[in-house]
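One structure is given below, encoded as structure tokens.
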Amino acid sequence: QLQIGGDKCFTFDNIFNESSAQTQVYQHAVKPLVDAFLEGYNATVIAYGQTGSGKTYTMGTAGCDDAKLQEEWGVIPAAINDVFRSLQSAPDKDDYKVQCSFIEIYNEEIKDLLDAHSSKVLSIRESADGPSKLYIPNMKLEVVHTPMDCLEALDRGGASRATAYTQMNSQSSRSHAIFTIHLHHIKQQQQQEPSSHSTPPPVPGTLPVPAPAAQPIVIQSKFHFVDLAGSERAKKTGASGTRFQEGVSINAGLLALGNVIAALGDPRCRSKHVPFRDSKITRLLQDSLGGNSRTLMIACVSPARSNMLETKNTLNYANRAKNIENKAVVNRDPRSRQILELRQRVKELERQLKIGGGGGGGNGEE
Numbered sequence: 004q005l006q007i008g009g010d011k012c013f014t015f016d017n018i019f020n021e022s023s024a025q026t027q028v029y030q031h032a033v034k035p036l037v038d039a040f041l042e043g044y045n046a047t048v049i050a051y052g053q054t055g056s057g058k059t060y061t062m063g064t065a066g067c068d069d070a071k072l073q074e075e076w077g078v079i080p081a082a083i084n085d086v087f088r089s090l091q092s093a094p095d096k097d098d099y100k101v102q103c104s105f106i107e108i109y110n111e112e113i114k115d116l117l118d119a120h121s122s123k124v125l126s127i128r129e130s131a132d133g134p135s136k137l138y139i140p141n142m143k144l145e146v147v148h149t150p151m152d153c154l155e156a157l158d159r160g161g162a163s164r165a166t167a168y169t170q171m172n173s174q175s176s177r178s179h180a181i182f183t184i185h186l187h188h189i190k191q192q193q194q195q196e197p198s199s200h201s202t203p204p205p206v207p208g209t210l211p212v213p214a215p216a217a218q219p220i221v222i223q224s225k226f227h228f229v230d231l232a233g234s235e236r237a238k239k240t241g242a243s244g245t246r247f248q249e250g251v252s253i254n255a256g257l258l259a260l261g262n263v264i265a266a267l268g269d270p271r272c273r274s275k276h277v278p279f280r281d282s283k284i285t286r287l288l289q290d291s292l293g294g295n296s297r298t299l300m301i302a303c304v305s306p307a308r309s310n311m312l313e314t315k316n317t318l319n320y321a322n323r324a325k326n327i328e329n330k331a332v333v334n335r336d337p338r339s340r341q342i343l344e345l346r347q348r349v350k351e352l353e354r355q356l357k358i359g360g361g362g363g364g365g366n367g368e369e
């Protein structure tokens, strides 16, 4: 529980102060989502707060160079290492593919940070599976085989992200960034030995019935790491010209996100219509807010008394987000499941043909 200003109390799942280490934040808040992601759940971590409050540092969106100690790694590098450590220790029969993507929303335009040479603006499309199933055509999905491959992609994308100097932050993020890990995992289940009590003895003259083969489980899950640009006041940042226009666009996106959170999580503002389409960031986070995902919001605040108003706004923002109820389920690939069922059916038909002597059995008499 956190009390601020002597008149308002906030209750959150975890509260970390300025002396908390990066590893504490990861282990207590983010590690459970990594475990769920490996089990087949979608997961999302959103860092929100005013400019200069430590969002990019906490998330590790700027990458992880050799000069940083492991204790200083942000959420993303720590999660990448945990994901690959778990996958590499999986049984040899398991098969998996890991891909990553990295985009930014700059002035309401989506840009691919892993394809720095392309100036093409990306768009959001709805899948044939339904309006909540969104995808971005032509977005680069990079296959990564090791944690170093994934960290290299993170470093490369982070270096291409739009940043600029303001009076509150010398490297202020001027865009919302989303780094995503995509996992396709085929888990081989161990075949159980049939019980002697439950298996009937074979009928004389017939082939024994083989034990049903253990069907592999095919899961497809995504982990979004969202580093939002910080809310800012032009009076404090001293922004003008291009920087001022960027700040207007940033605040407009955060306002749209706040309206979505209020519609989903604030009992006084709940309505049937949720304005996901008001901005690109809310559209992309549609499944993460009230949908099929396990979502965590990290609210970064400044301890300075001069930032008291922004700190209260951030905590109110996070408090409303805490009331959102998601409906997360394990994402099994339906097409792969159908293929596995058809293969099992073919095996069963082949077995019946062998028992029936090829299916053309008869004595030749009419």
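Quick note on our numbering: the sequence shown kicks off at 4 and runs consecutively. Cβ atoms here follow ideal geometry from the backbone N, Cα and C, with glycine treated the same way.
My output table needs one value for E368: the three-state DSSP class, helix, strand or coil. Working through the sequence shown from its first residue, we reach residue 368 at position 365. Legend: pLDDT at E368 = 47, less than 50; position of this residue unreliable, no value from coordinates given.
Continuous alpha helix (DSSP H) stretch holding F15: start and end: Position 12 of the sequence shown holds residue 15. It is not in any alpha helix (DSSP H) - F15 carries neither H nor E in the DSSP assignment.
Does the region 73–82 touch the region 16–36, meaning 3 or more C-beta pairs lie closer than 8 Å? yes
Would you please state the rounded distance, in angstroms, between the beta carbons of N322 and S224? I believe it to be under 8 Å. The residue you call residue 322 lines up with position 319 of the sequence shown. The residue you call residue 224 lines up with position 221 of the sequence shown. With 8 Å as the limit, N322 and S224 do not qualify as a contact, their Cβ atoms being about 28 Å apart.
Through-space distance from F105 to E249, alpha-carbon basis: Mapped onto the sequence shown, residue 249 falls at position 246. Mapped onto the sequence shown, residue 105 falls at position 102. The alpha-carbon atoms of E249 and F105 are separated by roughly 20 Å.
Could you give the DSSP three-state label for T169: helix, strand or coil? Counting from 1 along the sequence shown, the entry for residue 169 is found at position 166. Coil at T169, not helix or strand.
Assign R164 to one of two classes, buried (16 or more other C-beta atoms within 10 Å of its C-beta) or exposed (fewer than that). As a first step, residue 164 must be located in the sequence shown, where it is residue number 161. Buried, by the Cβ-count rule.
Could you name the residues that DSSP lists as bridge partners for C153? The residue labelled residue 153 in the question sits at position 150 within the sequence shown. According to DSSP, C153 bridges with nothing at all.
With contact counted as at least three CB pairs below 8 Å, one residue from each stretch, are the region 47–62 and the region 96–115 in contact? no
Rounded to whole angstroms, what is the Cα-Cα separation between I184 and F226? In the sequence shown, the residue the question calls residue 184 occupies position 181. In the sequence shown, the residue the question calls residue 226 occupies position 223. Each residue's alpha carbon lies about 5 Å from the other.
G261 in three-state terms, based on DSSP: Within the sequence shown, numbered from 1, the residue matching residue 261 stands at position 258. Helix, per DSSP.
What does a CB cutoff of less than 6 Å around P150 pick up in its chain, not counting 5 residues either side in sequence? As a working note, residue 150 is residue 147 in the sequence shown. Result list for P150: I83, N84 and F87, in chain order.
For K143, tell me which candidate among A131, L257, N110 and I181 has the shortest Cα-Cα distance. Indexing the sequence shown from 1 puts residue 143 at position 140. Cα-wise, what sits closest to K143 is I181.
Distance, Cα to Cα, Q95 vs D118? Residue numbering aside, residue 95 sits at position 92 when the sequence shown is read from its first letter. Residue numbering aside, residue 118 sits at position 115 when the sequence shown is read from its first letter. Here residue 95 is Asp; the residue named in the question, Gln, does not match the sequence. Cα-Cα distance, rounded: 33 Å.
Would you mind reading off the limits of the alpha helix (DSSP H) that contains D38? One-based indexing of the sequence shown puts residue 38 at position 35. K34 to E42 is the span of the alpha helix (DSSP H), which, as asked, contains D38.
Under the three-state DSSP convention, the category Q276 falls into: For the purposes of this step, residue 276 is taken as the residue at position 273 of the sequence shown. First, the residue type needs correcting, since residue 276 is His and not Gln in the sequence shown. Three-state DSSP puts H276 in coil, outside helix and strand.
For G372, the three-state DSSP class (helix, strand or coil): Not covered by the structure: residue 372. The range shown for the chain is 4 to 369.
To the nearest angstrom, how far is it from the Cα of I113 to the Cα of S126? The residue labelled residue 113 in the question sits at position 110 within the sequence shown. The residue labelled residue 126 in the question sits at position 123 within the sequence shown. If you take the alpha carbons of I113 and S126, they lie about 7 Å apart.
Pick helix, strand or coil for G233, following the three-state DSSP scheme. For the purposes of this step, residue 233 is identified with residue 230 of the sequence shown, where counting begins at 1. Three-state result, G233: coil.
Taking the DSSP output, what are the residues bridged to Q53? Indexing the sequence shown from 1 puts residue 53 at position 50. Q53 is bridged to S234.
So the beta strand (DSSP E) Q6 belongs to, where does it begin and stop? Stepping through the sequence shown from its first residue, residue 6 is reached at position 3. Per DSSP, Q6 belongs to the beta strand (DSSP E) from L5 to I7.
Every unbroken beta strand (DSSP E) inside the region 73–136 [3 residues or more]: 98–109, 112–115 and 128–130
Using DSSP bridges, identify the partner residues of V177. Along the sequence shown, read from residue 1 onward, the residue named residue 177 stands at position 174. Looking at the sequence itself, residue 177 is Arg, so the reference to Val does not match. For R177, which the question treats as bridged, DSSP gives no partner whatsoever.
What are the boundary residues of the alpha helix (DSSP H) that R323 is part of? Sequence index remark: in the sequence shown, residue 323 carries index 320 (1-based). Counting along the chain, the alpha helix (DSSP H) containing R323 begins and ends at M311 to K325.
Consult DSSP for S201 and reduce its assignment to one of helix, strand or coil. In the sequence shown, the residue the question calls residue 201 occupies position 198. Low confidence applies to S201: its pLDDT is 49, below 50, so where it sits in the model is not reliable, and the reading given next is rough at best. DSSP places S201 in coil when its eight states are reduced to three.
For the beta strand (DSSP E) that contains R286, what are its first and last residues? On the sequence shown, residue 286 is found 283 positions in, with the first residue counted as 1. Premise fails: R286 lies in the alpha helix (DSSP H), K283 to L287, not in any beta strand (DSSP E).
Output the distance between the C-alpha atoms of I108 and I253, rounded to the nearest integer angstrom. In the sequence shown, the residue the question calls residue 108 occupies position 105. In the sequence shown, the residue the question calls residue 253 occupies position 250. Approximately 9 Å, taken between the alpha carbons.
Tell me E145's beta-bridge partners as DSSP assigns them. On the sequence shown, position 142 is the one that residue 145 refers to. Paired residues: C103.
C-beta contact flag for L258 and L137 at 8 Å: As a working mapping, residue 258 is identified with position 255 in the sequence shown. As a working mapping, residue 137 is identified with position 134 in the sequence shown. Contact flag unset, no.
Can you look up V349 in the DSSP assignment and give me helix, strand or coil? The residue you call residue 349 lines up with position 346 of the sequence shown. In the structure shown, V349 sits in a helix (DSSP, three-state: H, G or I).
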